[in-house]
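Letter by letter, the sequence shown follows residues 1 to 598 of UniProt numbering.
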Amino acid sequence: MREYTSPAVTELPPDARLTNTVFTRAAEEPDAVMFRRLEDGQWRDVTCAEFHRDVVRIAKGLIAAGIEHGDRVALMSRTRYEWTVIDYAIWTIGGVTVPIFDSSSEEQVHWILSDSGSKAAFVEHGDHAARVKAVADRLPDLGEVWQIEGDDLTRLAESGAEVADATVEERRLATSLDDLATLIYTSGTTGMPKGCELTQRNLAFDVMSVNSGPMREVFSTPGRSTLLFLPLAHSLARIIQVGCVETKTVMGHFPSTGPDLLDALASFQPRFLLAVPRVFEKVYNKAEQKAIASGRGKIFRAAADTAIAYSKALDSGRVGFGLRLRHALFRVLVYGKILAAVGGQATHAVSGGSALGERLGHFFRGIGLTVLEGYGLTETSAPTTANSPADNRIGTVGRPIPGTSIRIAEDGEVLVKGDHVMRGYWNNPKATEEAFTEDGWYRSGDLGSLDDDGFLRITGRKKEIIVTSGGKNVAPAVIEDRIRGHAIVSQCMVVGDNRKFVSALITIDPEAFEFWKQQNNKTGTIAELVDDPDLRALVQQAVDDGNRAVSRAESVRKFAILPVDFSEAGGQMTASLKLKRHVIAKQFSAEIEALYAE
């Protein structure tokens with residue numbers, strides 16, 4: 001199949017806007033719980049009335065500060081309650097939110113603030129403020145910079161105390177669906193980030209389509225809630241934020257995916273999760289390590305194999321009696337403990353950003369947590385396809401959401417059309433023109449295929465295709481995702497352009513490395529053990545497993561274990577955890593050459 005369209009289920013009313021639900025709920029159900037905030041180790045309920053009050057107070061302060069309709073206001077912070085308040089306050093007065101990842105460098109901060117022409121900025125703490133201050137003399141459009149931690153928000157609210165409620169409502173109602181809502185800058189794997197112009201219509205349409213389509217069952221569950229811990233500067237987290245507001249889903253905020261996340265999940269007990277594949281990989285790996293450390297590794301492996309077999313049997317419609325018995329036993333002995341690590345209440349999760357892998361997809365569904373994979377880009381307001389609980393085809397990223405279309409071009413590129421596709425790139429008409437076909441389809445840059453039922457499978461990035469000296473085209477994503485799924489592996493980058501065969505640069509997961517050392521009586525750092533025969537043998541297992549997913553011509557013949565992990569700080573990864581391949585190839589050129597020296 002070359003093209004598939006999912007018919008629209010419902011339409012946006014002409015007077016729709018992103019802030020309507022906030023104001024309507026405050027008037028109609030002021031005491032209903034809208035958010036939960038973590039304060040002094042406890043989750044405190046935030047009602048619709050309280051959230052509305054907080055939004056209006058900041059909106060009035062922005063009006064008093066001279067922020068006009070259409071002005072851009074930057075927001076640099078980790079995920080927290082105030083992020084959402086500020087976002088909705090900016091939208092309330094017809095402004096445009098410009099998210100900046102909190103890890104951004106001074107150069108990146110300067111580029112986004114300068115290119116967007118931001119008139120003001122919110123930052124989380126002093127370190128962020130210092131980065132803005134360091135470049136402020138080169139930002140003639142930038143005015144006030146408010147810090148979330150401290151008294152700035154209180155003073156901002158007080159400065160707008162004389163602004164009338166009617167003025168706020170007038171500004172809010174002056175905003176239409178076709179007004180710009182946000183400029184989200186792409187991760188910039190090959191150059192300076194481009195600002196994606198997303199309108200109120202783009203975001204509202206995307207949320208409406210997802211909620212009325214693939215996620216309808218998830219967002220209609222009584223008592224629904226989620227804990228958002230991905231960066232709100234990322235488009236996927238942002239659309240979940242709006243989706244929670246629109247579907248009356250209680251949402252909490254947590255600032256990181258670090259060691260404290262599992263404790264936060266256990267106390268919040270979300271009914272569904274949003275995460276990137278790496279989070280699910282870590283949940284699995286930690287469960288396996290814990291089982292091995294307690295002498296129950298054999299039981300865990302049997303339980304994992306049973307979960308995978310059970311999930312696959314569900315697809316076939318035939319679950320044998322013996323499999324049902326084993327599954328019931330392991331549900332008591334193993335699965336419940338793994339689910340308890342993420343709060344014990346979640347039955348569904350949404351995964352995006354990269355491929356989860358069929359093995360983990362079947363494993364989690366088999367233990368009782370169905371992971372729904374989807375696909376989208378910043379340019380498509382995040383989701384453009386998604387699996388649903390009722391029709392979840394593991395290994396694919398689902399069908400197009402209602403009201404959108406997917407077409408596969410002659411060269412395999414995935415093309416997208418729908419009201420969720422961006423208006424264009426800010427201040428970059430040339431890039432905008434290049435991003436669309438002559439008949440208006442957005443060029444995703446991804447390669448994929450549609451099956452006979454309209455389910456999309458992503459096979460790689462068009463610009464990342466490796467062509468060996470023998471003329472074989474290799475899409476790195478398939479084997480990289482498979483190798484990266486091994487517990488000992490953190491990151492993997494396939495190389496081999498114009499070479500006789502394919503090789504890989506592999507980094508080691510620090511937590512898994514420490515566990516491996518304990519189990520194998522090893523001492524030393526990763527850098528000291530990159531040539532250790534036992535470590536190389538373990539990595540070879542990951543490579544062998546990856547090779548089973550591809551043809552021999554595409555398989556990894558050699559690999560190098562690097563002494564350091566890829567990271568944003570090291571310049572090898574973007575803030576959204578995408579590999580900067582050209583940077584890695586340059587930084588580790590000696591290691592690459594050594595792979596082909598013989």
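The beta-carbon is built from N, C-alpha and C at its ideal position, and this holds for glycine as well.
**Report entry** Which listed residue (Ala-264, Glu-568, Leu-377, Val-207) has its alpha carbon closest to that of Lys-194
**Finding:** Leu-377
Query raised in the report: What residues are listed by DSSP as bridge partners for Gly-561?
Result: Per the sequence shown, the amino acid found at residue 561 is Ile instead of Gly. Ile-506.
Query raised in the report: Across which residues does DSSP place Pro-277 in a beta bridge pair?
Result: Per DSSP, none; premise fails for Pro-277.
Query - Nearest residue (CA-CA) to Ala-597, options Leu-329, Phe-559, Pro-383 - result: The shortest Cα separation from Ala-597 among Leu-329, Phe-559, Pro-383 belongs to Phe-559.
Query - Given 8 Å, three or more beta-carbon pairs between the segment 152–165 and the segment 54–67 - result: The segment 152–165, when compared against the segment 54–67, does touch it at the 8 Å Cβ threshold.
Query raised in the report: Can you list the alpha helix (DSSP H) stretches of 4 or more residues lying completely in the segment 15–60, in chain order?
Result: 20–28
Query raised in the report: Roughly how many angstroms lie between the CA atoms of Thr-437 and Arg-443, to the nearest whole one?
Result: 7 Å
Query raised in the report: Under 8 Å between the Cβ atoms of Val-73 and Lys-133?
Result: no
Query raised in the report: Does the beta-carbon distance from Ile-93 to Arg-171 come in below 8 Å?
Result: In contact: Ile-93 and Arg-171 (Cβ atoms closer than 8 Å).
Requested in this report: Report the residue from Met-76, Gly-571, Thr-404 whose alpha carbon sits nearest the alpha carbon of Asp-127.
Outcome: The candidate whose alpha carbon is nearest that of Asp-127 is Met-76.
Report task. Report back the beta-carbon spacing between Val-135 and Ala-129 to the nearest angstrom; my notes put them in contact at under 8 Å. Result -> So it is not a contact: roughly 12 Å between Cβ atoms.
Query raised in the report: Taking Cβ to Cβ, would you say Asn-211 is nearer than 8 Å to Phe-219?
Result: yes
Query raised in the report: Where does Lys-586 land, buried or exposed, given buried means 16+ other C-beta within 10 angstroms?
Result: exposed
Query - Whole-number beta carbon distance between Val-145 and Ala-164, since they are thought to touch under 8 Å - result: Their Cβ separation, rounded to whole angstroms, is 27 Å, which puts Ala-164 and Val-145 out of contact at 8 Å.
Query raised in the report: Is Val-539 helix, strand or coil when you go by DSSP?
Result: If DSSP states are grouped into helix, strand and coil, Val-539 belongs with the helices.
Query - Per-residue DSSP class, three states only, for Tyr-310 - result: helix
Requested in this report: Tell me Ala-349's beta-bridge partners as DSSP assigns them.
Outcome: Leu-273, Val-371
Requested in this report: Let me know the secondary structure DSSP gives Phe-268 once reduced to three states.
Outcome: helix
**Report entry** Ser-469: first and last residue of the uninterrupted alpha helix (DSSP H) it sits in
**Finding:** Where Ser-469 is concerned, there is no enclosing alpha helix (DSSP H), given that its DSSP letter is neither H nor E.
Report task. Excluding the 5 residues preceding and the 5 following Ile-592 in the sequence, name in chain order all residues of the same chain whose CB lies nearer than 8 Å to its CB. Result -> Once the five neighbours on either side are set aside, the close Cβ partners of Ile-592 are Val-495, Ser-503, Leu-505, Ala-560, Ala-585.
Query raised in the report: Near Ala-527, what residues of its chain come up, given a Cβ to Cβ distance below 8 Å and the 5 sequence neighbours on each side ignored?
Result: Pro-563, Val-564
Query raised in the report: What span of residues does the beta strand (DSSP E) with Gln-200 cover, start to end?
Result: From DSSP, Gln-200 is part of no beta strand (DSSP E) but of the alpha helix (DSSP H) over 200–212.
Requested in this report: With DSSP as the reference, please indicate the residues paired to Ala-121 in a beta bridge.
Outcome: Its beta-bridge partners are Ala-74, Val-145.
Report task. Take Leu-261 and list the residues in its own chain whose beta-carbon comes closer than 7 Å to its own, dropping the five residues that flank it on each side. Result -> Phe-229, Phe-254
Query - Arg-138 - containing beta strand (DSSP E), residue span - result: Note, Arg-138: premise wrong, no beta strand (DSSP E); not H, not E.
**Report entry** Proximal residues to Cys-244 (C-beta, below 6 Å), its chain only, five neighbours per side dropped
**Finding:** Counting only Cβ-Cβ distances below 6 Å, and skipping sequence neighbours, we find Met-251.
Report task. Verify whether the separation of the beta carbon atoms of Ser-405 and Glu-3 is less than 8 Å. Result -> Yes; because the gap between Cβ atoms is below 8 Å, this pair is in contact.
**Report entry** Three-state class that DSSP yields for Glu-162 in the structure shown
**Finding:** coil
Query raised in the report: Where Ala-435 and Lys-417 are concerned, what is the direct C-alpha to C-alpha distance, given to the nearest angstrom?
Result: 12 Å
Report task. Compare the Cα-Cα distances from Pro-510 to each of Ser-209, Val-489, Thr-523, Thr-19 and report the closest residue. Result -> Val-489
Query raised in the report: With 16 as the cutoff for other CB atoms within 10 Å, does Ser-589 come out buried or exposed?
Result: Answer is exposed; the Cβ neighbour count stays below 16.
Query raised in the report: At which residues does the alpha helix (DSSP H) containing Thr-84 begin and terminate?
Result: Looking at the DSSP string, the run of the alpha helix (DSSP H) that includes Thr-84 is 81–92.
Report task. Decide if Gln-572 is buried, meaning its Cβ has at least 16 other Cβ atoms within 10 Å, or exposed. Result -> buried
Report task. Examine the Cβ distances between the segment 271–285 and the segment 339–355 and report whether three or more of them are shorter than 8 Å. Result -> yes
**Report entry** Member of Val-556, Ile-508, Pro-533, Ala-512 whose CA lies at the smallest distance from the CA of Phe-501
**Finding:** Val-556
Report task. Would you mind giving the Cβ-Cβ distance between Ile-308 and Arg-359, rounded to the nearest angstrom? I have them listed as a contact below 8 Å. Result -> 6 Å
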